[in-house]
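In my numbering, the protein residues as written are 1014 to 1280.
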């Protein structure tokens, strides 16, 4: 079994620590985070690994998982190389859906193998994410050795693996952001309109849930074109104009959002 160290013990790092340990995909060794309490909590959550306070105290490992925020990936990889932790032949993986693995130039330059793993999954609750990981689609890119090692490990945790070209990651990730993160933002915008209309938040959630669920189900059942309903689909220009005026008066940004989404719907 290959050994694994994890750098970055946020929600995604915690989830992977647990699923890799439980499935015996890797022998989880050391866990590091700039916040030592997070590393300690990760070890408890995964029931595996040793929390480590300093990078220089990390023991050698065959595979390294960098689970930091995107803007810290390159620096974390470079620091691990500078500290002599990553060795030639090691596999170094990060979790970003937008950043190509070759951006970890320090890793590539010493002869280690770089790759990235991006699960199409939300990690709001690591316990739920770990327990429901089987069947999750995971985008994979990197050099041949990294792909080979991670494909085997991901299958052990029940992932559905597909490969993405590095140059396409930004668009791929933008699509994922739109249907996940921005969907949440869109629902929040709808809630603001409900509340401004005098509907209590609890009632607004109750009204919204079946509408959202039915809409999403229709999209996957008949496609986006046939699933579109409402004033845009009916060509009811007067209703659209009245709503645009009222939403814009409530909040200029919400008005702009309503307008641009209407244009997308028309396309």
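Built from N, CA and C at the ideal position, the CB exists for glycine as well.
Have a look at the options and flag the residue whose alpha-carbon is nearest the alpha-carbon of residue i.
i	options	result
residue 1022	1089, 1255, 1114	1089
residue 983	1148, 1072, 1159	For residue 983 there is no data in the structure shown, the boundaries of the chain being 1014 and 1280.
residue 1268	1031, 1277, 1258	1258
residue 1221	1068, 1249, 1235, 1200	1200
residue 1094	1079, 1084, 1219, 1108	1079
residue 1118	1071, 1202, 1087	1087
residue 1180	1187, 1113, 1242	1113
residue 1017	1065, 1046, 1077	1077
residue 1202	1223, 1274, 1068	1274
residue 1140	1280, 1032, 1252	1032
residue 1051	1069, 1081, 1175	1081
residue 1175	1245, 1150, 1085	1150
Please work out which residues of its chain come closer than 8 Å, Cβ to Cβ, to residue i, disregarding the five sequence neighbours upstream and downstream, and give them in chain order.
i	result
residue 1100	1073, 1123, 1125
residue 1205	1263, 1264, 1267
residue 1062	1019, 1030, 1034, 1041, 1042, 1043, 1044, 1055, 1056
Near residue i, which residues of its chain fall below 6 Å by C-beta distance, leaving aside the five closest residues on each side in sequence?
i	result
residue 1131	1110, 1152
residue 1038	1166, 1169, 1170
residue 1177	1152, 1154, 1185
residue 1049	1066
Out of curiosity, what's the CA-to-CA distance linking residue i and residue j?
i	j	result
residue 1103	residue 1144	29 Å
residue 1134	residue 1026	13 Å
residue 1054	residue 1024	11 Å
residue 1092	residue 1189	30 Å
residue 1232	residue 1278	13 Å
residue 1014	residue 1108	21 Å
residue 1212	residue 1219	11 Å
residue 1036	residue 1058	15 Å
residue 1046	residue 1146	23 Å
residue 1196	residue 1229	11 Å
residue 1255	residue 1208	18 Å
residue 1217	residue 1226	14 Å
residue 1083	residue 1194	16 Å
Give the range of the alpha helix (DSSP H) segment to which residue i is assigned.
i	result
residue 1194	1194-1209
residue 1066	Neither: residue 1066 is in no alpha helix (DSSP H) and is coded neither H nor E.
residue 1143	1139-1144
residue 1129	Unbroken run through residue 1129 is the beta strand (DSSP E), 1126-1132; no alpha helix (DSSP H).
residue 1250	1250-1263
residue 1088	1086-1095
residue 1241	Residue 1241 -> no alpha helix (DSSP H), and no H or E assigned at all.
residue 1101	Premise fails: residue 1101 is in no alpha helix (DSSP H) and is neither H nor E.
residue 1048	Per DSSP, residue 1048 belongs to no alpha helix (DSSP H) and is neither H nor E.
residue 1135	Element bounds for residue 1135: n/a, residue is neither H nor E.
residue 1358	Outside the shown range of the chain, which is 1014 to 1280, sits residue 1358, and nothing can be said about it.
residue 1028	1024-1036
Once the 5 residues before and after residue i are set aside, which same chain residues still bring their CB inside 7 Å of it?
i	result
residue 1163	1106, 1128, 1130, 1153
residue 1260	1206, 1267, 1268, 1271
residue 1148	1171, 1173
residue 1136	1024, 1025, 1028, 1142
residue 1071	1018, 1043, 1045, 1065, 1098
residue 1243	none
residue 1156	1126, 1127, 1128
residue 1068	1045, 1092, 1093, 1096, 1098
Name the one or two DSSP bridge partners that residue i has.
i	result
residue 1176	1153
residue 1018	1077
Can you give me the start and stop residues for the beta strand (DSSP E) that residue i sits inside?
i	result
residue 1042	1040-1045
residue 1115	Unbroken run through residue 1115: none, as it is neither H nor E.
residue 985	With the chain covering only 1014 through 1280, there is no way to say anything about residue 985.
residue 1107	1104-1107
I'd like to confirm something about residue i: is its beta-carbon nearer than 6 Å to some heavy atom of the ligand GTP, or not?
i	result
residue 1243	Inclusion of the ligand GTP in the displayed structure is not the case, the ligand content being empty and no account of it being possible.
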